[in-house]
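For the sequence shown, our numbering gives the first residue as 837, with consecutive numbering after it. Yeah, the Cβ is synthetic: ideal placement off N, Cα and C, and Gly gets one too. One structure is given below, encoded as structure tokens.
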Amino acid sequence: MDEVEIFKALSNKGRLQILNWLKNPEVHFPGQAEKGFDYGVCVGQIQTKLGLTQSTVSEYLTILQRAGLITSTRTAQWTYYKRNEEAFAALSELIQKDI
């Protein structure tokens, strides 16, 4: 766990919104309910909700993934993202013990 990368990733309002939405995808992405959320949320759904360009959203997701806060699954031409809850548990433990 690279704490510096994690805190850099968390230092942006848009990235924080993505993490918040991915915490409860059923609530925040009802348009994907038919397909389910087994793999996570489709990048297109995230982009639409965030209202930013595809390149900006891709950059945000890359930063979050590099920090270990989200994981991705590619299925055909679609990429799905979900929170890495193990990373959040480790981050919580780090904050409680060391910070």
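For Tyr-896, the enclosing alpha helix (DSSP H) covers residues 890-902.
Secondary structure note for Lys-918: its beta strand (DSSP E) is the uninterrupted segment 914-919. Cβ neighbours of Lys-859 within its own chain (closer than 7 Å, five residues either side excluded): Arg-919. With a 10 Å radius around the Cβ and a threshold of 16 neighbouring Cβ atoms, Ala-869 comes out exposed.
Per the coordinates, the alpha-carbon of Gln-901 lies some 13 Å from the alpha-carbon of Phe-924.
Selection Ser-891, Leu-855, Thr-915 evaluated against Glu-921 yields Leu-855 as nearest (Cα-Cα).
The shortest CA-to-CA distance from Ala-845 to any of Glu-862, Ala-903, Met-837, Ile-882 is the one to Ala-903. Listed as beta-bridge partners of Val-877 by DSSP are Tyr-917.
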